[in-house]
Amino acid sequence: MHLPDGIISIEQAAFYWIITLVIISIFFYKFSKDENKQKRIVSIALFSVFTMVVTSVSVPSPLGVPIHFFLIPMVAILLGPLSSTIVSFVTLIMQALVLNMGGITSLGANFIVMGFILSIATYGFYKVFMYVNEKVAIFASTIIGIMFATFGQIAILVISGAMNFDLLLATLLPFYLFISIIEGFANVVIITAIERIKPEIKEINQI
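Written out as structure tokens, the structure reads:
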């Protein structure tokens, strides 16, 4: 889902960067009032490293295209949507600089899709489905979050004029739906295990 440099215009890239900086500023404002600063810093650092490593691994798929998992839905559920956006931002920078995934000018657009939209949608629907069942909430919110992010990327590409809407819908939607279902099941297992093994992670207030 990483957009490379050059696929969107400099004007659009600058606009997405401005939105990105506003979102990050909101996080730091919330963070300044956080009572668990030290625990949150450690958690964000650990999840950033973990996310960078896991999302950089290509996994063969029956669709013929290697897949990369997101992990941001899991972080949003555990730490909160703004915290997961910071994990995404750090991860995207490291991937762009070290692994040549995405780019610097396009980082703002990638952040809005894989950081902000993915985090907010996942966390919002997780809270809604929690009234039904926690495992259902984890699974459903992961799928919905990734689908929202997919539509966000499609919107950015269509606005940029880089690709056709129908083509994007026909290719990206089934591909990321496939990934979201697998990641949804994985998140149920991982988050349930974390709650049993490291329950203190869930004790950190979510922001």
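Every letter in the sequence shown is one number past the one before it in the working numbering, and letter 68, counting from 1, is 65. Every residue gets a Cβ at the ideal spot worked out from N, C-alpha and C, and that includes glycine.
Does the beta-carbon of residue 97 have 16 or more other beta-carbons within 10 angstroms, so that it is buried, or is it exposed? Within the sequence shown, residue 97 is the residue found at index 100, counting from 1. Flag for residue 97 reads exposed.
Where does residue 4 fall in DSSP's three states? What you label residue 4 is simply residue 7 of the sequence shown in a count that begins at 1. Residue 4 falls in the coil class under three-state DSSP.
Distance check for residue 204 and residue 164, CA to CA, integer angstroms please. Counting from 1 along the sequence shown, the entry for residue 164 is found at position 167. Counting from 1 along the sequence shown, the entry for residue 204 is found at position 207. One C-alpha to the other measures close to 37 Å.
Opposing strand residues paired with residue 205 [DSSP bridges]: The question about residue 205 has no answer here: the residues shown for the chain are numbered -2 through 204.
Take residue 72 as the anchor and find which of 91, 90, 52 and 56 has the nearest alpha-carbon. Counted from its first residue, the sequence shown places residue 72 at position 75. Nearest C-alpha to residue 72: 52.
Quick one: grab the DSSP three-state call for residue 184. Here residue 184 is taken as the residue at index 187 of the sequence shown, counted from 1. The answer is helix: DSSP assigns residue 184 an H, G or I state.
What residue ranges within the segment 129 to 193 form continuous alpha helix (DSSP H) runs of no fewer than 4 residues, ordered along the chain? 131 to 157
Best match in 30, 186 and 152 for proximity to residue 114 [C-alpha to C-alpha]: As a first step, residue 114 is located in the sequence shown; it is residue number 117 there, counting from the start. Of the listed residues, the one whose Cα sits closest to residue 114 is 152.
On the three-state DSSP scale, how would you describe residue 207? Past the edges of the chain, shown from -2 to 204, lies residue 207, and the structure says nothing about it.
Around the C-beta of residue 168, are 16 or more other C-beta atoms found within 10 angstroms, so that it is buried, or is it exposed? Residue mapping note: residue 168 aligns to position 171 of the sequence shown, counting from 1. Exposed is the call here.
Would you tell me roughly how many angstroms separate the C-alpha atoms of residue 92 and residue 142, rounded to the nearest one? Start at 1 with the first residue of the sequence shown, and residue 92 comes out as number 95. Start at 1 with the first residue of the sequence shown, and residue 142 comes out as number 145. Rounded to the nearest angstrom, the two C-alpha atoms are 21 Å apart.
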